[in-house]
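Below is one structure; the comments refer to it alone.
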Amino acid sequence: MSLNTLKRLLGRDGSGGSGTGPLPDDIASLRGGIQSAVSSLRESEAVRSAPFWLPPFLLMGFFVYGAIGWNVIISFTDFAGLQLPTYDPTAFDLEMYRRALSDGQFWLATRNTFVLLVSFTGLSLAGGLGLAILVDRGIRFENWFRTIYLLPFSLSFVVTAVFWRWMYNFDSGVINVFLRGIGLDFLASKWLAGGVELGALSAIPLVPETLQFKLFAVIFALLWQFSGYAMVVYLAGLRAIPDDQYEAARVDGASTVRMYRRVILPQLRASTVSAAVVLMVFALKAFDFLYVMFGNNPGPTADILSTMMYRQAFAANEWAYGSAIAVVLFLVALAVVAPYLYGEYRRGEL
Amino acid sequence: MTDTPDTDGLSRRTYLKVAGGAGSAALLAGCTGGGNDDSDAEATDSDGGSSGDSETTESGGEGSSGGNALEVQHWWTGGDGGAAIQALFEGFKEKYPDIEVTENPVAGGAGQNLHAVIKKRILNNDPPSSWQAWPGANLQPYTDADKLADIEESVWGHNDMKNAYLDGPKKAAKPAGEFVTVPLNIHRLNNLFYNVEVVEDAGVDPASIDSPSALVDAMAKVEEAGYVGMAQQTKSAWSTGQLWAQVLLGEFGADVYADVTAGNVEANAEAVKESLKIVKQYSEYYPNDAGSISWQDANSKVIEGDAAFFHQGDWAAGMYRGQDGFEYETHWNQVPFPGTKGVYALNMDSFPFPANNPSPEATKKFLRYVGSVDAQKRFNPKKGSIPPRTDVPKDAFGPFLQSQMDDFANSDAQPLSIQHGLAVSPDALTGFGDAMSSFISGYDVESAYADLKAAFE
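If you're matching them up, the sequences are chains A and B in order. First residue of the first sequence? That's 82 in my numbering, and the numbers climb one at a time after it. First residue of the second sequence? That's 974 in my numbering, and the numbers climb one at a time after it.
This is the structure we're talking about:
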């Protein structure tokens, strides 16, 4: 697979460089009968193309995968405080992972991470789809609206976290001011400190007695920031669908809802998957947003794995434990991305 | 026909290949070189550690060229702190014009960013000459790893420092029994600030509140008069951490406080739980928007006359000073936190002396200077803190700081701050932060007690 890619790359380069002559692929097919010659040519091509793929391969391998690998190794040691670990393979163990499994805080952070991941991604996709359909209906000032919805995406988490904190203020925040203004005083809440009693539901493990708004306030703010992105991805998907299909559905007497449900939405699968992957990865690194809003400890109701990792490694000097949490986070990210990559690979789009 | 471009391409490729190979070889060489450096440094350091500090510093002195370059890292990049440290460096340069000072400030995160940089440099055996650090147990990981050198003779033996510093600061300078750092300033943590007009209007006399539990009644009275009882922020947990520590100190005294921070939480279970309950009662008198404001926003409520009381370190007074028409004693005032009269709860910054110091002689001169009257007289009035030396003349300070200095000089106990790392190690401090973060979302006394026990024991 990778060899084919390289061959294609090389072929293109060869033809570009000379401007004449057939592609190496064609040469190979011409000499198709001579197997050994083909295989040796392939080998030499891999070698000859090395200057193109080897440097990025080495740089990525060292700085990305090497760093991940080293992090995994640290998680096997007892590295804490200011003494370097010995990196003695015989002393490697899974103690830090066992510690995580028996740490209540770790489970709370994991729960919050998944709540954030699932609800943020799902709601962003739904919001983005809704906006995309509305914008795609041929409304006036379409470009205006598109820009307005996408604008929050261009802002840094640091900026949005600060002004959402202001907006959530109980006394002077715009949300409560608005709710009071339209006579819905009873809805005005302490968005970052309050919650609702859950009653009987709290019997389920990891479900708290009081559902704090904190995490949902964060999710809502992130939703505002990222639905614009989902909208753009969906809009591109919608634009790729030929107008004929809308017209054909209309001619057959389909209602608008039915048309979208049966004709348009099934064709947006690729957009959904690619937007979902990006959104999920953003959810996993919502660290900056939480850190700016609440500091390095957002409390049990909004703590996620990345804030906990930072706290353990850089505040408590528990480097190995922080690394173990990082590895868990990495595996979660991998679990999110891997099915997507595999699906694309199966489809031959990779 | 195909041969010509092919060979041409081949030669170009060969060239690239060679270049790429050379590049990656250089990369690898760089890596192994780095690795070797590390292990060498590690070896020399462990030698120095086992054979005594004097030898390390001697060899370090020979190694550094001339010893007149000094690298100091701190997080005072702006505001009061920035002006204060610049005044200190100016004084140092006047005294030692031949020493070249390099500042490498790292801003942000209330020092956490600098901590991360320092830890990395210490682990790589490449420490700066000195850096801004909380003294006390905060330095425990450094002393555990033998990363700091004893400076009892070389620094604390000068300028009459041992007599000029009180016991609390001296204890903080000796996290493992040896003097390794020099405290530069003190912020007091057991002040209770109040708006004079508000408490008068509510008919409350702050001076007569004699215990943390009595403060609850005073705040109830304030709320009846239509004001917020206590301007507190609960956006992040550290302010509550400070407050709980003062309640424990005020209600149960300095000995119980020291015992709890030493790890004996279970033996003082009643005191810990009772103090948590009092903080829970306080929380009913916080402003409605406590969860989304910073400490400055909270303090503004006092300045604007919306709230009566405010607990924070004495850096809060810096905001009053910067406010026109909001004067000490006529508009704002303070009492020691109820029950902590005669106690001066310490939060300090200091400059430690790393083993394997890149510039031992210059660093000693700098640390001696930090411990001198001149440096502390220049630094503290600008920072809004008081000097840990008790012999610094008071005329450079404003009336509030002068009264703080009197309180300090006459204090019987100087307990170390929990929240600012003086009393507990960074590990325990993180556990404490977790406990307080959980506590402020629901005020569950029993689970906060369990968390505190887990953090300190």
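Note that the Cβ used here is the ideal one computed from N, Cα and C, for glycine as well.
Query                                                                                                                      : Result
Beta-carbon proximity list for Tyr310(A), same chain, < 6 Å, skipping 5 on both sides                                      : Phe234
Residue from Leu198(A), Val408(A), Met374(A) with nearest C-alpha to Met390(A)                                             : Val408(A)
Ala1401(B) vs Ala1382(B) beta-carbon contact at 7 Å                                                                        : no
Against chain A: residues of the stretch 1186–1219 of chain B by CB proximity under 8 Å                                    : Thr1207, Lys1208, Ser1209, Ala1210, Trp1211
6 Å CB neighbourhood of Pro381(A) in its chain, flanking five on each side removed                                         : Leu189
Member of Gly376(A), Phe201(A), Arg427(A), Val344(A) whose CA lies at the smallest distance from the CA of Phe297(A)       : Phe201(A)
Short Cβ contact (7 Å threshold) for Ala397(A) with Thr158(A)                                                              : no
Between the CA atoms of Phe1065(B) and Tyr1259(B) - distance to the nearest angstrom                                       : 45 Å
Chain A within 7 Å of Asn1097(B), Cβ atoms only                                                                            : no
Under 7 Å between C-beta atoms of Val1397(B) and Thr1213(B)                                                                : no
Whether Pro1327(B) touches Lys1068(B) by CB criterion (7 Å)                                                                : no
Within chain B, the residues that Pro381(A) reaches when beta carbons sit closer than 8 Å                                  : Ser1410, Ser1411, Ser1414
Per-residue contacts from Glu399(A) into chain B (C-beta, under 7 Å)                                                       : Asp1400
Asn257(A) and Ala269(A) closer than 7 Å at C-beta                                                                          : yes
Residue-chain proximity (Asn1261(B), chain A), Cβ-Cβ < 7 Å                                                                 : yes
Simplified DSSP state of Gln1059(B), which is helix, strand or coil                                                        : helix
Proximal residues to Leu349(A) (C-beta, below 8 Å), its chain only, five neighbours per side dropped                       : Leu210, Tyr315, Gly318, Leu319
Proximal chain A residues relative to Tyr1115(B), where beta-carbon distance stays under 7 Å                               : Leu163
Neighbourhood of Tyr421(A) by C-beta distance below 7 Å, restricted to the same chain and skipping five residues each side : Val354, Val358
8 Å contact criterion, which Leu163(A) and Pro1114(B) should meet: CB distance rounded                                     : 5 Å
Endpoints, the beta strand (DSSP E) within which Arg1161(B) is located                                                     : 1154–1161
Terminal residues of the alpha helix (DSSP H) in which Gln306(A) lies                                                      : 295–320
Between the CA atoms of Asp1322(B) and Asp1368(B) - distance to the nearest angstrom                                       : 23 Å
Element boundaries [beta strand (DSSP E), containing Trp1268(B)]                                                           : No beta strand (DSSP E) contains Trp1268(B), which is instead part of the alpha helix (DSSP H) from 1268–1276.
Residue span of the beta strand (DSSP E) that contains Glu278(A), given as start and end                                   : 276–278
Min CB distance Thr1403(B) to chain A below 7 Å                                                                            : yes
Which of helix, strand or coil DSSP assigns to Ala383(A)                                                                   : coil
Contact with chain B by Ala274(A), beta-carbon distance below 7 Å                                                          : yes
Buried or exposed by the 16-neighbour rule on C-beta atoms within 10 Å, applied to Trp1305(B)                              : buried
Leu1395(B), DSSP secondary structure in three states                                                                       : coil
Beta-carbon proximity check, Leu292(A) vs Gly276(A), cutoff 7 Å                                                            : yes
Beta-carbon neighbours of Arg246(A), restricted to chain B and to distances below 8 Å                                      : Lys1208, Ser1265
Cα-Cα separation, Val1189(B) to Gly1415(B)                                                                                 : 19 Å
Reduced DSSP category for Gly1332(B) - H, G, I as helix; E, B as strand; rest coil                                         : Sequence check: residue 1332(B) is Ser here, not Gly. Ser1332(B) falls in the coil class under three-state DSSP.
Residues near Pro1311(B) by beta carbon distance below 8 Å, same chain, minus five either side                             : Leu1165, Ile1182, Asp1183, Ser1184, Pro1185, Ala1187, Leu1188, Gly1223
Thr1030(B) classed as buried or exposed, judged by whether at least 16 other C-beta atoms fall within 10 angstroms         : Only weak support exists for where Thr1030(B) lies, its pLDDT of 37 falling under 50; the value from the coordinates is given anyway. Buried: at least 16 other Cβ atoms inside 10 Å.
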